[in-house]
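>
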Amino acid sequence: MCGIIGYIGSRNAVPILINGLKRLEYRGYDSAGISFLKNNKIGVRRCAGKIKDLELYIKKEKIVSHVGIGHTRWATHGKPTESNAHPHRAGGIVVVHNGIIENYFELKEGMKKKGQVFTSDTDTEVICHLILTYTQKGYDLEKATKEALKHVEGAYAIGVMNEFEPDKILAVKNDSPLVLGLGKGEHFIASDIPAFLKYTRDVIILENGDMATLTTEGISIFNLKKSKTVKQKVEKISWTPTMAEKGGYKHFMLKEIFEQPRAIADTIRGRFSLEKGTVNLKEFSLRESMLKKLNKIFLVACGTSWHAAMVGKYIIEDMVRVPCEVDIASEFRYRQPIVPRGSLMIVITQSGETADTLAAQREAKRLGAKVLSICNVVGSTSAREADGVFYTHSGPEIGVASTKAFTTQLTALYLFSIALAKAKEKLGAKEIKALFHELLLLPEKVEKALQCDDAVKKIARKYHRAQDFLYLGRGINYPIALEGALKLKEISYIHAEGYPAGEMKHGPIALIDHNLPVLALAPDDNVLEKILSNMEEVKSRGGKLIAVAHEGSSKVRSRVSNVLSMPETNYYLTPIIFSIPLHLLAYYIAVLRKCNVDQPRNLAKSVTVE
Ligand code: F6R
4 MCGIIGYIGS RNAVPILING LKRLEYRGYD SAGISFLKNN KIGVRRCAGK
54 IKDLELYIKK EKIVSHVGIG HTRWATHGKP TESNAHPHRA GGIVVVHNGI
104 IENYFELKEG MKKKGQVFTS DTDTEVICHL ILTYTQKGYD LEKATKEALK
154 HVEGAYAIGV MNEFEPDKIL AVKNDSPLVL GLGKGEHFIA SDIPAFLKYT
204 RDVIILENGD MATLTTEGIS IFNLKKSKTV KQKVEKISWT PTMAEKGGYK
254 HFMLKEIFEQ PRAIADTIRG RFSLEKGTVN LKEFSLRESM LKKLNKIFLV
304 ACGTSWHAAM VGKYIIEDMV RVPCEVDIAS EFRYRQPIVP RGSLMIVITQ
354 SGETADTLAA QREAKRLGAK VLSICNVVGS TSAREADGVF YTHSGPEIGV
404 ASTKAFTTQL TALYLFSIAL AKAKEKLGAK EIKALFHELL LLPEKVEKAL
454 QCDDAVKKIA RKYHRAQDFL YLGRGINYPI ALEGALKLKE ISYIHAEGYP
504 AGEMKHGPIA LIDHNLPVLA LAPDDNVLEK ILSNMEEVKS RGGKLIAVAH
554 EGSSKVRSRV SNVLSMPETN YYLTPIIFSI PLHLLAYYIA VLRKCNVDQP
604 RNLAKSVTVE
């Protein structure tokens, strides 16, 4: 939550900061601001609202500066007002911050008693005052920041400037993401790589405790925890700037839905050998001997990634018969879980920075489990702290509602399950080959599934005024019902519930009347007959039935007029195909309701606070 950007170099910093903030807006978008150095004075411009409001606000001034920092906020402490927007200032010190200072209240009260005046309700402002206290003692910015942070508890990524040391930016990382970009005679700080991808692909991913000093000449990094200068590891990022653009689509969400054939193809490329019938375990730092011994798996995540975890349990238990427990990360971390030694935790996270997921991952490690992270962001905290990483190569996901990250997570879980089944000798070579074959056909089938676009639009037009929606699924597609409901809720603000269809009679059936659209996931699988009965129950109570079914499924077609037809796949891959019309439906309904699809209210893409 919250996005940070900083620039120092020979170009005008202001458009670079604004452009960077636009790329980071998915992290928070209730207020924004920049600070810059001009004529040896620091200027701060902030406003409530989105980056375009900030852009409009500063447009007339035509500010030119070669160094600056910026911030887009998702409020935690204090309302989204101008005074609470970042950068915050005390004397000549300005700070942008992502994270939460847990002991800010005590620090603030103490400083207030000494006469320091605070102008915001934020936790961040204490950092400015603390640094100022030390610069007033004659310390340079690095030393003052180092001393200041000794008082601070919590998670933070900060960018700092000092009016009296005009040619540098300081960046410090502790439990919130922060990366540096290296250009020629120019350097960047940012919460996420797309913020400066237009200018450079050379990146340093900061470690906890790293304090980086950026000047036009270079970057030096001192680790506050290790008390020593650290070597910089520069990584070349393969993402291209166009990957972080809308590419002609109206919204990132729609672009990302239509990118899925490519994203899935990239996620499977080079990951297995059809001839040998093996998954390339080395790439994920996994060994077959370790998988062979595995008797228990925990799958932990939040939100949409948690739905992927639920599907993972269905795949692993059905294919390999290894017991799995699925947890929402915020529950796992506090529920005193029983984690037998030698268990594996699979954490699933697009961003790799979700605070609860990271805490659950750390808890599992503390209890002696190995951790495999299924993650989309290279070098993210989850990836770095895990014992093994399965990167989903879906490319940057900018739309707040996760789509392509979700289906590539499911793809990763499918491959992992095959590897586990092979290690445990649960599948023969022929069966493994058949599973790989089906996987190779998946991008094409996803392409085909996307052809339901027009049919989905029609359904969206019919039901976009509904006040409630019900999604029903069974078995491996029950989590997809939850996913459909979550997407609709978060981007269209329609109340929606996902239910295992068998639970209908235990309560939710009371909701059904002629105003309620009910979407049933009815693939041709072992529970088709069961869900058909549930659909009859909906129909006989006047509910408006929509079904997603396999093409040629006459049993569904004879019962329902609104049917979205999906291509056939094996059982394990149906959730990928069946999630496509649900994501599209949420999208088109949200558009018809004139909602801000890419930036739904109250949400942020990376939930880096608890
Ligand atoms: C919903 C959505 C969220 C995320 C959740 C976890 O569309 O995107 O529910 O799935 O916040 O985020 P990651 O996967 O980054 O840990």
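With this note's numbering applied, the sequence shown covers 4 to 613.
Glycine residues also receive a C-beta, built at the ideal position from the N, C-alpha and C atoms.
(1) Taking 7 Å as the limit between beta carbons, can you name the residues of its chain near alanine 52, skipping five residues before and five after?
(2) Nearest-angstrom Cα distance between isoleucine 435 and lysine 279?
(3) Can we count lysine 490 as close to the ligand F6R, meaning its CB is less than 7 Å from some heavy atom?
(4) Which residues share a DSSP beta bridge with cysteine 378?
(5) What does the Cβ neighbour count give for glycine 141, buried or exposed, with the cut at 16 atoms within 10 Å?
(6) If contacts are defined as beta-carbon pairs under 8 Å, then leucine 475 and valine 521 qualify, I think. What distance do you get, rounded to the angstrom?
(7) Can you tell me which of Ile592, Ala415 and Lys111 puts its alpha carbon nearest to the alpha carbon of alanine 93?
(8) Give me the Cα-Cα distance between valine 282 and leucine 294, rounded to the nearest whole angstrom.
(9) According to DSSP, what are the bridge partners of glycine 193?
(10) What is the DSSP secondary structure of valine 47, reduced to helix, strand or coil?
(11) Would you report the Cα separation of serine 346 and histidine 100, rounded to the nearest angstrom?
(12) Can you check which of these residues, Ala458, Val129 and Val403, is closest to isoleucine 494 by C-alpha distance?
(13) Nearest by alpha-carbon distance to lysine 65: which of Val206, Ile134 and Asn15 is it?
(14) Going along the chain, which unbroken runs of the alpha helix (DSSP H) with 4 or more residues stay wholly within the stretch 481-558?
(15) By DSSP, does leucine 606 sit in helix, in strand, or in coil?
(16) Going by DSSP, name the residue or residues bridged to lysine 239.
(17) Since glycine 478 contacts aspartate 528 with CB under 8 Å, what's their CB separation in whole angstroms?
(18) In this structure, what does DSSP give as the bridge partners for arginine 76?
(19) Using C-beta distances below 7 Å, list every residue in its chain close to leucine 277, excluding the 5 sequence neighbours before and after it, in chain order.
(20) On a CA-only basis, which of Asn605, Thr360 and Asp195 is nearest lysine 492? Give me that one, please.
(21) Does the Cβ of glutamate 262 lie closer than 7 Å to at least one heavy atom of the ligand F6R?
(22) According to DSSP, which residues form a beta bridge with arginine 92?
(23) Near arginine 204, which residues of its chain fall below 7 Å by C-beta distance, leaving aside the five closest residues on each side in sequence?
(24) Leaving out the 5 sequence neighbours to the left and right, which residues in its chain are closer than 6 Å to phenylalanine 167 when beta-carbon positions are compared?
(25) Just to confirm, is the Cβ distance from isoleucine 271 to leucine 418 under 8 Å?
(26) Rounded to whole angstroms, what's the CA-CA distance from threonine 414 to leucine 576? Just pull it up for me.
(27) Closer than 7 Å to a non-hydrogen atom of the ligand F6R - does that hold for the CB of glutamate 493?
(28) Report yes if the C-beta of alanine 404 is less than 7 Å from at least one heavy atom of the ligand F6R; otherwise report no.
(29) Is the stretch 139-157 touching the stretch 67-82 in the sense that three or more CB pairs, one from each, lie closer than 8 Å?
(30) Among Glu286, Gln263, Pro264 and Arg265, whose alpha-carbon lies nearest the alpha-carbon of arginine 274?
(31) Just the C-alpha distance for glutamate 614 and glycine 250, rounded to the nearest angstrom, thanks.
(32) Shortest alpha-carbon distance to proline 526 belongs to which of Asp516, Val551, Lys533 and His190?
(33) Looking at C-beta atoms only, is the number of pairs between the stretch 580-591 and the stretch 458-472 that lie closer than 8 Å three or more?
(34) Quick test of your reading: phenylalanine 472 and isoleucine 512, contact by CB under 8 Å. State the CB separation rounded to the nearest angstrom.
(35) Tell me the DSSP secondary structure of phenylalanine 301 in three-state form.
(36) Among Pro399, Pro446 and Lys373, which one has its Cα closest to the Cα of proline 197?
Taking the structure as given:
(1) It is worth fixing the name first, because residue 52 is glycine in this sequence and not alanine. Correct list, in chain order: Ser34.
(2) One C-alpha to the other measures close to 10 Å.
(3) For the ligand F6R, at least one heavy atom lies less than 7 Å from the Cβ of lysine 490.
(4) Thr352 and Tyr394
(5) Exposed, by the Cβ-count rule.
(6) 6 Å
(7) Lys111
(8) 12 Å
(9) Checking the sequence, you will find alanine at residue 193 rather than glycine. The partner list for alanine 193 (beta bridge, DSSP) reads Ile8 and Val182.
(10) strand
(11) Using only the alpha carbons, I get a separation of about 37 Å.
(12) Val403
(13) Checked all of Val206, Ile134 and Asn15; the closest Cα to lysine 65 is Asn15.
(14) 481-495 and 531-543
(15) coil
(16) Asp205
(17) 7 Å
(18) DSSP, once it has assigned bridges, lists Ser34 as partnering arginine 76.
(19) Lys436 and Phe439
(20) Asn605
(21) Result no, Cβ not under 7 Å from the ligand F6R.
(22) Val97
(23) Lys239 and Ile240
(24) Here phenylalanine 167 has Gly95 as same chain residues with Cβ atoms under 6 Å from its own Cβ, once five neighbours each way along the sequence are excluded.
(25) yes
(26) 8 Å
(27) Yes - the ligand F6R has a heavy atom lying nearer than 7 Å to the Cβ of glutamate 493.
(28) yes
(29) no
(30) Glu286
(31) Because the chain in this structure spans residues 4 to 613, residue 614 falls outside the shown range and cannot be described.
(32) Val551
(33) yes
(34) Contact flag wrong, Cβ pair sits at about 15 Å.
(35) strand
(36) Pro399
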